[in-house]
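Written below as structure tokens is the structure these notes are about.
Right under this line is the structure:
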């Protein structure tokens, strides 16, 4: 069987990554919508007892949503590794290298790893029966109005998580994803410099500075969030003893 050109293989890998990322991003958007609905319900609460009951209910919903997103990531990882193994079995000698080129479409953090390191394995890891069963069963999307959205995988608390903690966790992980998705601008070469006017060079410099500022700002925000989380945990743990 003739081997597919590396360019076509890399394009196929990028399309698969893009589709998986699109599905996951939609799940996160649905999660944010459902969380807004939860906040509106809490605003209408008239008694403390009713508020406690709703918070317990919402905590269970978030736990189910996190588990569902974890399963989505696991399914995506299994499909990805199976695809790489299929390409390798078809006689594509550079399947791992071409698949690694699509790793710029970074997968969400938390849960199954969809990075290029996994894609470089020639054989897929053994999948659990539950995961294979999910892959064989068509996925049913929950109604947005039902109040059961999809939360971003991973959270600091599964029992008494509040709406603010939930949203902070989602935003923090989205910042991490954006840091990995930053696309570098075309490199400056001697030929490019000779062809560019002074105005173009100034625009180029401004774009580079703006990109650098965005990356630094996101990194600072992540550091501050992590420090704030650590300080909160240190303050809570002694009181809980």
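Residue numbers (the numbering used here): 13 to 253.
Beta carbons: idealized from backbone N, C-alpha and C, even for Gly.
On a predicted model such as this, the values are computed, not experimentally measured, just so you know.
First through last residue of the alpha helix (DSSP H) which encompasses residue i
| i | result |
| --- | --- |
| residue 96 | 60-101 |
Beta-carbon contacts of residue i that lie in its chain and below 6 Å, excluding the five residues immediately before and after
| i | result |
| --- | --- |
| residue 32 | 88 |
| residue 37 | none |
| residue 76 | none |
| residue 23 | none |
Anticipated Cβ contact below 8 Å, residue i with residue j, distance rounded
| i | j | result |
| --- | --- | --- |
| residue 66 | residue 57 | 6 Å |
| residue 63 | residue 54 | 6 Å |
| residue 178 | residue 74 | 6 Å |
C-beta atoms of residue i and residue j nearer than 8 Å
| i | j | result |
| --- | --- | --- |
| residue 99 | residue 28 | no |
| residue 81 | residue 30 | no |
Beta-carbon proximity list for residue i, same chain, < 7 Å, skipping 5 on both sides
| i | result |
| --- | --- |
| residue 70 | 50 |
| residue 236 | none |
| residue 221 | none |
| residue 68 | none |
Own chain partners of residue i with C-beta closer than 8 Å, once the 5 adjacent residues on each side are dropped
| i | result |
| --- | --- |
| residue 225 | none |
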